[in-house]
Amino acid sequence: MGCGARRRRPPGRRRGQHRRRKMRRLTLICLLSICGCSGREAVREDYVFKPLEKPGESKAAPAVGADLDSSTPRTLDLLSAMRLAGAENLDIAIVETRLEARRAGTDAAFSKYLPDLRLGFTALHHNGLRQAADSQVADQPMRSFGAGPAVSLNLDPVEARFQHLRALQIEDAAEHQARRTKAETVVHSAILYLELVRASGLVVVAGEAVERSQAQVKLQEGAAELQAELGVELARARAELSRDHEALLAASGGLRQAGINLATWLRLPPEVPLIPEARDIEPLTLVRAEREVADLLDAALAASPDLAEMRALGRAAEEMKNAATWGPWTPDIFAAGSFGAYGGGPGGDSGSGFYEHGDRSDFAAGLSWTLRGMGLGDRARVRRARAEALEAGLQAARTRDRVSAEVVRGWTRSKNLLGRIEATRKGIEAAEETLKLVEARFEAGDAIQLEVLEAIRAVAAARAALIDTTVSYNQTQHLLHYRVRGGSWRQSSR
1376 MGCGARRRRP
1386 PGRRRGQHRR
1396 RKMRRLTLIC
1406 LLSICGCSGR
1416 EAVREDYVFK
1426 PLEKPGESKA
1436 APAVGADLDS
1446 STPRTLDLLS
1456 AMRLAGAENL
1466 DIAIVETRLE
1476 ARRAGTDAAF
1486 SKYLPDLRLG
1496 FTALHHNGLR
1506 QAADSQVADQ
1516 PMRSFGAGPA
1526 VSLNLDPVEA
1536 RFQHLRALQI
1546 EDAAEHQARR
1556 TKAETVVHSA
1566 ILYLELVRAS
1576 GLVVVAGEAV
1586 ERSQAQVKLQ
1596 EGAAELQAEL
1606 GVELARARAE
1616 LSRDHEALLA
1626 ASGGLRQAGI
1636 NLATWLRLPP
1646 EVPLIPEARD
1656 IEPLTLVRAE
1666 REVADLLDAA
1676 LAASPDLAEM
1686 RALGRAAEEM
1696 KNAATWGPWT
1706 PDIFAAGSFG
1716 AYGGGPGGDS
1726 GSGFYEHGDR
1736 SDFAAGLSWT
1746 LRGMGLGDRA
1756 RVRRARAEAL
1766 EAGLQAARTR
1776 DRVSAEVVRG
1786 WTRSKNLLGR
1796 IEATRKGIEA
1806 AEETLKLVEA
1816 RFEAGDAIQL
1826 EVLEAIRAVA
1836 AARAALIDTT
1846 VSYNQTQHLL
1856 HYRVRGGSWR
1866 QSSR
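Numbering-wise, the sequence shown is residues 1376 to 1869 according to the working numbering.
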């Protein structure tokens, strides 16, 4: 009998195949509903998050990271992963340390306005020639002592003023950098979590393909016992099963690797398997496609921590340019004062002590103008400050262009992926309907087994494409949402 000829199945076998077909169809419907293949995407433009948890303060950390058994898989949802990103993250700890150093630099710059205070004791013993008050030079040994507080001030008012303003701007830039790092840490955790979702969905698809291939192998094994010429179809079904097994193993390995990457980023034990929530594979719209790109650009440029950091560094460079410009025209201020006990007496062999002692006070003040390098150093300093200010402005312009390009790219990609999701859903419906018709024709003996395998493969490919497109859409939405909102995320109460 040719492989394309009609074959009649025994009634009992047809009823068993019909039941298995209904079970496979029910399983497919359940899995498609879990993977978000029906219904509309969730629109959460109010979805916000505040990644400002200090190390050890994450409420979600004990639920996932405490008392973990390395052999027990742990379920993790998207918001928990994003909250965990703010707990014990090394990048955040580093940027917080850097911010503290900048704050200390601001305090150090302000301290230049204040005088120095000294407390101490001085002693002098002199032998040899000395000029007296009457201009006579003679051998006049002497000794003296002094003790008490002294205050001195050496102030360059222009330098102190603009250095303090510069330090304030650098501190502001460090704060924007900290906001950016915290927000990017949360976004990166969302990206890694969605990679885990992608890998988990592909495992589900591969597992279902294995189950269907196993059903085909069992079906052909039973048919081959009755008709020996059906051995080629049995071999084909077994080959398809082997390929599906290999795809399942590859998908399982990808799931484990994605879990390790996420656990490492969240500083969880990497040996604990992480399983994502099934509902997180649904499309999540954070920025509506109906919004005008001009509005998104305005919001992104106003909220961008990158651009705010560059602007702060530009203002810091401007302060240094002002200091270099006005420094030579402003005098330095010197003031000193001391008060304390003082005593003295003749030195040499005849001196046996301090003949006179009592209180003493000294005060001094002065103004001075300085031309560094006869003015050449000041001119070079002005040129350097102007060049640094110009460079800071160019860096800010480049950052503005980069942020604008990322917003437009994310907005365009989101619209494209949203359309692809709808097209892929229709493709799944068509592939499922094709599989249903091919199975019916196969039951009636009007189709060969190769057509069934191809239809099964088409359904699996369509579902895998939907998972991949949905995850890519969610990742793009998170990146676009971060660019539009900047570092000013706030944690949702839901």
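Cβ coordinates follow ideal geometry from the N, Cα and C atoms, glycine included. Remember, it's a predicted structure, so these values are computed and weren't measured experimentally.
Worksheet entry | Classification of Glu1570 by the beta-carbon crowding that lies within 10 angstroms, buried from 16 upward | Along the sequence shown, read from residue 1 onward, the residue named residue 1570 stands at position 195. Per the 10 Å Cβ criterion, buried.
Practice prompt. Taking only runs that begin and end inside the region 1660–1686, name each unbroken alpha helix (DSSP H) of 4 or more residues, in chain order.
Written response: 1668–1678
Discussion item. Out of Glu1534, Leu1499, Ala1456, which one is the CA nearest neighbour of Ala1522?
Written reply: Here residue 1522 corresponds to residue number 147 of the sequence shown, with the count starting at 1. Closest by alpha carbon: Leu1499.
Practice prompt. Following the continuous alpha helix (DSSP H) through Asp1531, name the residue where it begins and the one where it ends.
Written response: Mapped onto the sequence shown, residue 1531 falls at position 156. Counting along the chain, Asp1531 falls outside any alpha helix (DSSP H), and DSSP gives it neither H nor E.
Worksheet item: Where do the ends of the alpha helix (DSSP H) carrying Gly1480 lie?
Response: The residue labelled residue 1480 in the question sits at position 105 within the sequence shown. Under the DSSP assignment, Gly1480 falls in the alpha helix (DSSP H) whose first and last residues are 1465–1485.
Worksheet item: Count the other CB atoms within 10 Å of the CB of Tyr1897; is the residue buried (16 or more) or exposed (fewer)?
Response: This structure leaves residue 1897 out entirely; the chain is present only between 1376 and 1869.
Fill in: For Pro1644, the three-state DSSP class (helix, strand or coil)
Start at 1 with the first residue of the sequence shown, and residue 1644 comes out as number 269. Here Pro1644 sits in coil by DSSP.
Discussion item. Distance check for Ala1525 and Ile1708, CA to CA, integer angstroms please.
Written reply: Position 333 of the sequence shown, counting from 1, holds the residue named residue 1708. Position 150 of the sequence shown, counting from 1, holds the residue named residue 1525. Cα to Cα, Ile1708 sits roughly 17 Å from Ala1525.
Fill in: Contained beta strand (DSSP E) runs [length at least 3] in the region 1554–1624, N- to C-terminal order
None, since the region 1554–1624 contains no complete beta strand (DSSP E) of that length.
Worksheet item: Applying the criterion that 16 or more other CB atoms from any shown protein chain within 10 Å of the CB defines a buried residue, is Asp1670 buried or exposed?
Response: In the sequence shown, residue 1670 corresponds to position 295, counting from 1. Residue environment: Asp1670 is assigned as exposed (fewer than 16 neighbouring CB atoms within 10 Å of its CB, all protein chains considered).
Discussion item. Among the candidates Ser1510, Ala1535, Arg1478, whose CA atom is the shortest distance from the CA of Ile1545?
Written reply: Numbered from 1 along the sequence shown, position 170 holds the residue referred to as residue 1545. It is Arg1478 whose Cα lies nearest to the Cα of Ile1545.
Worksheet item: Does the beta-carbon of Val1857 have 16 or more other beta-carbons within 10 angstroms, so that it is buried, or is it exposed?
Response: Your numbering for residue 1857 matches position 482 in the sequence shown. It is worth fixing the name first, because residue 1857 is Tyr in this sequence and not Val. Buried: at least 16 other Cβ atoms inside 10 Å.
Worksheet item: Which one of Pro1448, Ala1462, Ala1692 has the shortest CA to CA distance from Ser1564?
Response: For the purposes of this step, residue 1564 is identified with residue 189 of the sequence shown, where counting begins at 1. Comparing Cα-Cα distances from Ser1564 to each of Pro1448, Ala1462, Ala1692, the minimum goes to Ala1462.
Fill in: Assumed close pair Ser1448, Pro1651 - CB separation to whole angstroms, cut-off 8 Å
By one-based count along the sequence shown, residue 1448 stands at place 73. By one-based count along the sequence shown, residue 1651 stands at place 276. Before going further, note that residue 1448 is Pro rather than Ser in the sequence given. Rounded to whole angstroms, the Cβ separation of Pro1448 and Pro1651 is 11 Å, and the two are not in contact under 8 Å.
Item to complete: Report the rounded CA-to-CA distance for Val1782 versus Leu1672, giving the unit in angstroms.
Response: Within the sequence shown, numbered from 1, the residue matching residue 1782 stands at position 407. Within the sequence shown, numbered from 1, the residue matching residue 1672 stands at position 297. If you take the alpha carbons of Val1782 and Leu1672, they lie about 7 Å apart.
Item to complete: Could you round the C-beta distance between Leu1682 and Val1778 to whole angstroms and report it? I think they count as a contact, below 8 Å.
Response: Here residue 1682 corresponds to residue number 307 of the sequence shown, with the count starting at 1. Here residue 1778 corresponds to residue number 403 of the sequence shown, with the count starting at 1. In this structure, Leu1682 and Val1778 form a Cβ contact; the two beta carbons are roughly 6 Å apart against a cut-off of 8 Å.
Worksheet item: When the Cα atoms are used, what is the spatial distance from Met1398 to Gln1589?
Response: Residue numbering aside, residue 1398 sits at position 23 when the sequence shown is read from its first letter. Residue numbering aside, residue 1589 sits at position 214 when the sequence shown is read from its first letter. With a pLDDT of 45 at Met1398, under the threshold of 50, the modelled position of this residue cannot be trusted, and the question is left open.
Fill in: Straight-line gap, Leu1746 to Phe1537 (C-alpha atoms, nearest Å)
The residue you call residue 1746 lines up with position 371 of the sequence shown. The residue you call residue 1537 lines up with position 162 of the sequence shown. C-alpha separation (whole angstroms): 18 Å.
Practice prompt. Quick one: measure Cβ to Cβ for Glu1684 and Ala1542, integer angstroms, because I've assumed they're closer than 8 Å.
Written response: Mapped onto the sequence shown, residue 1684 falls at position 309. Mapped onto the sequence shown, residue 1542 falls at position 167. Actually they are not in contact, since the Cβ atoms of Glu1684 and Ala1542 sit about 15 Å apart, beyond 8 Å.
Worksheet entry | Entirely enclosed alpha helix (DSSP H) segments - the region 1826–1851, minimum 4 residues | none
Worksheet item: For Pro1849, does the count of other Cβ atoms within 10 angstroms reach 16, so buried, or fall short, so exposed?
Response: For the purposes of this step, residue 1849 is taken as residue 474 along the sequence shown, with counting starting at 1. At residue 1849 the sequence reads Asn, which differs from the Pro that was named. Around the Cβ of Asn1849, a 10 Å sphere holds 16 or more other Cβ atoms; the residue is buried.
Worksheet item: Does DSSP put Gly1495 in a helix, a strand or coil?
Response: Counting from one through the sequence shown, the residue named residue 1495 turns up at place 120. Correct three-state label for Gly1495: strand.
Fill in: Close beta carbons around Trp1701, own chain, < 7 Å, minus the five adjacent residues each side
Here residue 1701 refers to the residue found at position 326 of the sequence shown. Closer than 7 Å at Cβ, skipping near neighbours: Val1533.
Worksheet item: In the structure shown, what three-state DSSP assignment does Glu1693 receive?
Response: Here residue 1693 is taken as the residue at index 318 of the sequence shown, counted from 1. Of the three classes helix, strand and coil, the one that applies to Glu1693 here is helix, per DSSP.
Worksheet item: What number of angstroms, rounded off, separates the C-alpha of Ala1698 from the C-alpha of Ala1740?
Response: Working through the sequence shown from its first residue, we reach residue 1698 at position 323. Working through the sequence shown from its first residue, we reach residue 1740 at position 365. Roughly 24 Å separates the two Cα atoms.
Practice prompt. Have a look at Val1585 and Gly1576 and give me their C-alpha separation to the nearest angstrom.
Written response: The residue you call residue 1585 lines up with position 210 of the sequence shown. The residue you call residue 1576 lines up with position 201 of the sequence shown. Roughly 14 Å separates the two Cα atoms.
Worksheet item: Looking at the unbroken beta strand (DSSP E) that takes in Ala1815, where does it start and where does it end?
Response: Along the sequence shown, one-based indexing puts residue 1815 at 440. First-last for Ala1815: 1751–1819, but that is the alpha helix (DSSP H), not the beta strand (DSSP E).
Worksheet item: By Cβ distance, which residues of its chain are closer than 7 Å to Gly1582, with the 5 residues on each side in sequence left out?
Response: Taking the sequence shown and counting its residues from 1, one reaches residue 1582 at position 207. Cβ neighbours of Gly1582 beyond the five flanking positions: Leu1623.
Item to complete: Please say whether Arg1663 and Leu1825 have beta carbons closer to each other than 8 Å?
Response: Working through the sequence shown from its first residue, we reach residue 1825 at position 450. Working through the sequence shown from its first residue, we reach residue 1663 at position 288. No; because the gap between Cβ atoms is not below 8 Å, this pair is not in contact.
Discussion item. Let's test the definition: count the other Cβ atoms within 10 Å of the Cβ of Thr1799 and tell me whether it reaches 16, buried, or not, exposed.
Written reply: Position 424 of the sequence shown holds residue 1799. The residue in question, Thr1799, is buried, as its Cβ has 16 or more Cβ neighbours within 10 Å.
Discussion item. Assuming Leu1504 is part of the beta strand (DSSP E), what are its boundary residues?
Written reply: The residue given as residue 1504 occupies position 129 in the sequence shown. Run containing Leu1504: 1504–1506, per the beta strand (DSSP E) assignment.
Worksheet item: If Val1834 and Glu1807 are in contact, beta carbons under 8 Å, what's the gap, nearest whole angstrom?
Response: Indexing the sequence shown from 1 puts residue 1834 at position 459. Indexing the sequence shown from 1 puts residue 1807 at position 432. Confirmed, about 6 Å.
Discussion item. On the DSSP bridge list, what partners appear for Ile1708?
Written reply: Within the sequence shown, numbered from 1, the residue matching residue 1708 stands at position 333. For Ile1708, which the question treats as bridged, DSSP gives the partners Leu1530, Leu1742.
Practice prompt. Give the range of the beta strand (DSSP E) segment to which Arg1449 is assigned.
Written response: Start at 1 with the first residue of the sequence shown, and residue 1449 comes out as number 74. Looking at the DSSP string, the run of the beta strand (DSSP E) that includes Arg1449 is 1449–1451.
Worksheet item: What did DSSP end up calling Ala1874 once you bin it into helix, strand or coil?
Response: Coverage of the chain is limited to positions 1376 through 1869, which leaves residue 1874 absent and any answer about it impossible.
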